[in-house]
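These notes are about the structure you will find just below.
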DNA sequence: CTATAAAGTGTGTAAATTACACTTATTCAA
DNA sequence: TTGAATAAGTGTAATTTACACACTTTATAG
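Written out as structure tokens, the structure is:
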């Protein structure tokens with residue numbers, strides 16, 4: 201039994217990544233300056249067409265890998281966009297992913313198809329081509345929901361971070377304010393982070409303790425019916 | 201400016217629907233008996249290749265429309281599956297959707313490409329072809345999460361339902377038990393459902409009051425920061 | 001009219017969430 | 001060296017929410 205798929209069904213499929221970072225109390229998104237048509241010379245989400253011998257997940261990881269040189273990044277599929285006219289050169293479906301990276305740990309290098317890459321504060325994103333703005337909005341919503349129910353905020357912070365930093369991160373993403381004492385109490389009571397004994401250095405005020413996130417803990421706690429919530 | 205997408209990137213894209221129903225205290229899923237290759241004569245998720253002139257969402261709705269004759273069904277995109285070898289006839293990405301339907305209101309008619317369609321209790325699903333089992337698991341997980349945070353359970357019940365019915369539905373899907381008094385208290389306190397004044401008829405015990413879900417309420421309440429949780 | 005079956009209802013206790021303000025540790029500049 | 005500036009760090013009482021728990025009511029069937 202052999203057969204082929206009729207060519208009247210054949211379209212291209214791409215991946216587009218919404219890469220989030222956190223820096224200077226701002227949530228940021230990584231955009232590339234397109235060096236090729238269509239929409240040459242526009243800022244856009246980093247993405248690429250999927251070649252036929254590559255798994256979907258793999259493609260999304262490769263795009264990010266080319267862009268950042270990083271492995272082992274938190275990624276998640278968001279949604280697939282497939283309006284007939286979303287791409288001017290033909291029918292192209294795109295599978296959107298989001299990624300969370302530790303912005304200060306790594307420098308971003310533009311890939312072959314991009315002339316430049318840069319971080320934009322989430323509220324200062326320029327006009328985006330295709331349906332990229334819609335994708336970005338989708339990603340923001342997902343991030344907001346997810347960060348409240350899963351301990352993924354730590355993916356955006358350095359290995360060692362202060363309680364004030366994690367609180368600012370939550371406040372920036374959720375666009376709310378938390379009471380410092382209550383926030384700390386709740387976060388610490390989950391036993392997902394521990395005091396490393398280290399401290400901030402060279403700050404013009406009382407230095408904050410540095411904590412780190414214990415990845416294993418969450419997996420263990422989940423077994424016992426624990427559910428993360430902030 | 202004109203260009204085309206190289207054919208080395210061209211693949212097929214399909215939609216597959218996980219259609220849930222609830223009946224006799226059981227969560228059920230709708231499968232079709234495939235009348236065409238590949239996997240002819242297997243039970244599978246209803247799906248179809250997307251033709252190039254059709255939007256993605258539209259395709260998913262059409263598959264369901266052909267199968268059930270129904271419009272206006274709750275649908276949600278789940279995830280996109282794109283392993284290179286997931287389809288024996290070539291590269292086929294599939295975008296999975298889930299749909300919730302009121303099983304008792306409508307009879308299911310098999311579509312052209314299916315010889316038969318039938319409801320299977322979620323724990324008595326036969327082996328499925330392609331990666332359909334993986335898709336189904338994904339859909340079950342999503343349903344479990346979603347039903348706790350959004351008032352979508354009502355989509356699975358008749359227009360008028362009893363409190364016992366909605367409780368059984370939650371118990372079946374979440375695989376837990378709820379205390380009757382607490383469940384009712386919480387559900388009613390959300391003001392999303394109202395007593396219609398009607399009653400069950402011809403049951404061999406005290407007849408239950410019939411309630412209905414007020415769609416508009418949820419939208420209103422959301423504005424004011426309300427969040428559904430059960 | 002009695003048995004059966006499921007519907008319907010309230011209260012006290014424990015746990016979680018919220019509101020709220022001052023003290024401490026460090027750097028920098030006078 | 002000392003005081004001003006800055007952000008870190010900390011506890012308790014009040015309120016709200018979640019949880020555990022058992023009997024009464026209303027219908028039908030025989």
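Chains as they are written, first to last, in our numbering: chain W, 201 to 430; chain V, 201 to 430.
Ideal Cβ positions, reconstructed from N, Cα and C, are used throughout, including at glycine.
Computed from a predicted model, the values in this text were never measured in an experiment.
Query	Result
In chain order, which continuous runs of the alpha helix (DSSP H) of length 4 or greater are located wholly inside the stretch 329-401 of chain W?	332-349, 363-374 and 380-389
Rounding to the nearest angstrom, what Cα-Cα distance links residue 369 of chain V and residue 226 of chain V in this structure?	8 Å
Can you tell me whether DSSP reads residue 263 of chain V as helix, strand or coil?	helix
Which residues, in order along the stretch 238-250 of chain W, keep a beta-carbon less than 8 Å from a beta-carbon of chain V?	238, 249 and 250
Assuming residue 335 of chain V and residue 218 of chain V form a contact by the criterion Cβ under 8 Å, report the distance between their Cβ atoms to the nearest whole angstrom.	6 Å
Indicate whether at least one CB of chain V lies closer than 9 Å to the CB of residue 362 of chain W.	no
If we ignore side chains and look at the alpha-carbon of each, how far apart do residue 256 of chain W and residue 250 of chain W end up?	7 Å
Output, in sequence order along the chain, the residues in the stretch 378-398 of chain W whose CB is closer than 8 Å to any CB in chain V.	none
When the Cα atoms are used, what is the spatial distance from residue 352 of chain V to residue 390 of chain V?	14 Å
Quick one: is residue 349 of chain W buried, meaning 16 or more other Cβ sit within 10 Å of its Cβ, or exposed?	exposed
Quick one: is residue 259 of chain V near chain W, going by C-beta distance under 9 Å?	yes
I need the DSSP call for residue 419 of chain W, collapsed to helix, strand or coil.	helix
Assuming residue 301 of chain V and residue 270 of chain V form a contact by the criterion Cβ under 8 Å, report the distance between their Cβ atoms to the nearest whole angstrom.	7 Å
Starting from residue 204 of chain W, find everything on chain V with Cβ-Cβ shorter than 9 Å and list it in chain order.	289 and 290
Between the C-alpha atoms of residue 212 of chain W and residue 396 of chain V, what's the straight-line distance to the nearest angstrom?	51 Å
CA-CA distance, residue 223 of chain W and residue 366 of chain W?	11 Å
Tell me whether the beta-carbon of residue 295 of chain W lies closer than 9 Å to the beta-carbon of residue 260 of chain W.	yes
Would you mind telling me which residues of chain W sit closer than 8 Å to residue 376 of chain V, beta carbon to beta carbon, in chain order?	Here the premise fails: no neighbours, minimum Cβ distance about 11 Å.
For residue 297 of chain V, does the count of other Cβ atoms within 10 angstroms reach 16, so buried, or fall short, so exposed?	buried
Give the residues of chain V in contact with residue 422 of chain W, contact being defined as C-beta atoms less than 7 Å apart.	Residues of chain V passing the Cβ test: none, with the nearest at roughly 13 Å.
Is residue 299 of chain V closer than 9 Å to residue 428 of chain V when the C-beta atoms are compared?	no
What does residue 332 of chain W touch in chain V if you count any residue whose Cβ is under 9 Å from its own?	Simply none; closest approach about 16 Å.
Counting pairs of beta carbons, one from the stretch 321-334 of chain W and one from the stretch 238-245 of chain W, are three or more of them closer than 8 Å?	yes
Per DSSP, residue 274 of chain V is paired with what?	V/300
Which chain W residues are close to residue 419 of chain V, counting only those with a beta carbon under 8 Å from its beta carbon?	Within chain W, no residue comes near residue 419 of chain V; the closest Cβ sits about 16 Å away, beyond 8 Å.
Could you tell me which chain W residues have their CB closer than 8 Å to the CB of residue 151 of chain V, listed as they occur along the chain?	The structure shown has nothing for residue 151 of chain V, since chain V only spans 201 to 430.
Pick from W/276, W/234 and W/229: whose alpha carbon is nearest that of residue 303 of chain W?	W/229
Are at least three pairs of beta-carbons, each pair with one atom in the stretch 402-422 of chain V and one in the stretch 353-362 of chain V, less than 8 Å apart?	yes
Just checking: is the beta-carbon of residue 439 of chain V within a distance shorter than 9 Å of some beta-carbon in chain W?	Residue 439 of chain V lies beyond the range of chain V shown here (201 to 430); nothing can be said about it.
Using DSSP with H/G/I as helix, E/B as strand and the rest coil, what is residue 209 of chain W?	helix
Going straight from the alpha carbon of residue 347 of chain V to that of residue 398 of chain W, what length do you get?	43 Å
Where does residue 256 of chain W sit, in a helix, a strand or coil, going by DSSP?	helix
Expressed to the nearest angstrom, what Euclidean distance is found between the alpha-carbon atoms of residue 430 of chain V and residue 340 of chain W?	25 Å
Mind listing the chain W neighbours of residue 252 of chain V? Cutoff is C-beta to C-beta under 9 Å, in chain order.	208, 209, 210, 211, 284, 290 and 291
Report yes if the CB atom of residue 393 of chain W is closer than 9 Å to the CB atom of residue 290 of chain V, and no otherwise.	no
Please confirm whether residue 285 of chain W and residue 358 of chain W have their CB atoms less than 9 Å apart.	no
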